[in-house]
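As numbered in UniProt numbering, residues 1 to 165 make up the sequence shown, in order.
Ideal placement from N, C-alpha and C gives every residue a C-beta, glycine not left out.
Bear in mind that the values here come from a model prediction, so they are computed numbers and not experimental data.
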Amino acid sequence: MSLALLREKFSTICLVWADGGYAGRLQAWAGQVLGLAVTIVRRSDDLRGFVVLPRGWVVERTFAWLARYRRLVRIYERRPDHHEAMIWWATVHQMTRRLTRELAGQPAASRWSDPPPLPSLTSPDRRGKVLQLLAAQPWRAWKGAELAAILGIENVNSFRVQLSQ
1 MSLALLREKF STICLVWADG GYAGRLQAWA GQVLGLAVTI VRRSDDLRGF
51 VVLPRGWVVE RTFAWLARYR RLVRIYERRP DHHEAMIWWA TVHQMTRRLT
101 RELAGQPAAS RWSDPPPLPS LTSPDRRGKV LQLLAAQPWR AWKGAELAAI
151 LGIENVNSFR VQLSQ
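Below, the structure is given as structure tokens:
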């Protein structure tokens, strides 16, 4: 696809962030020919070690998210349009997961945050209820959801995890 067709297809883009290596002639050329405002993200000379640049992390983060889809780590496809379709698929998957979390009223969960605490089954009152239920009907196969409802536990999955431990 030629550069003119790309510019026509993505005509709403007006600002581009670029690494310091693209400063100079490319910045001037993009402004004159493509009508783009190119903002260079620079690292200060007096800083040492790793420093998060103002907008530079966005690209790295996006590539890291896409790399979580194993098929995108290497180019396995024979045709470039198939590889492009896999990138679109991964992006759509990420966006729908974010949208469904927002529609459900849940915050977008951080992958690195601590899990919520599990409800305690070892407290005497809850343990006593479970033992009474099991003793009253020993032949019945109790489901985790039923026991959780009786005990007043909202998150059934955390209840199942704790039962299995």
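Whole-number beta carbon distance between residue j and residue i, since they are thought to touch under 8 Å
i	j	result
Ala37	Leu72	Between Leu72 and Ala37 the Cβ distance is about 30 Å, and since that is not below 8 Å, they are no contact.
Tyr76	Ala90	That belief does not hold up - the Cβ atoms of Tyr76 and Ala90 are roughly 13 Å apart, past 8 Å.
Leu47	Arg7	About 35 Å separates the two Cβ atoms, so there is no contact after all.
N-terminal and C-terminal residue of the beta strand (DSSP E) that residue i is part of
i	result
Val38	Ala37 to Val41
Leu53	First-last for Leu53: undefined, no H or E at that position.
Leu15	Leu15 to Asp19
Cβ neighbour criterion (16 or more within 10 Å) applied to residue i
i	result
Val161	Because the pLDDT at Val161 is just 44, under 50, the model does not fix this residue reliably, and the value given afterwards should be weighed accordingly. Counting Cβ neighbours within 10 Å, Val161 comes out exposed, since fewer than 16 surround it.
Residues near residue i by beta carbon distance below 7 Å, same chain, minus five either side
i	result
Leu53	Val41 and Arg43
Phe10	none
His83	Ile75 and Glu77
Sequence-distant residues of its chain with Cβ nearer than 8 Å to residue i (five each side left out)
i	result
Arg25	none
Gly20	Ile40, Val41, Arg42 and Arg43
Met95	none
Gln27	Ala18, Val38 and Ile40
Val51	Arg43 and Ser44
Leu66	Leu72, Ile87, Ala90 and Thr91
Residue range of the unbroken alpha helix (DSSP H) whose run includes residue i
i	result
Leu47	It is not in any alpha helix (DSSP H) - Leu47 carries neither H nor E in the DSSP assignment.
Arg25	Arg25 to Trp29
residue 167	One cannot answer for residue 167 here, as it falls past the ends of the chain, which runs 1 to 165.
Cβ-based neighbour list, residue i, same chain, cut-off 6 Å, excluding 5 preceding and 5 following
i	result
Thr62	none
Arg79	none
Ala30	Leu36 and Val38
Arg55	Trp17 and Val41
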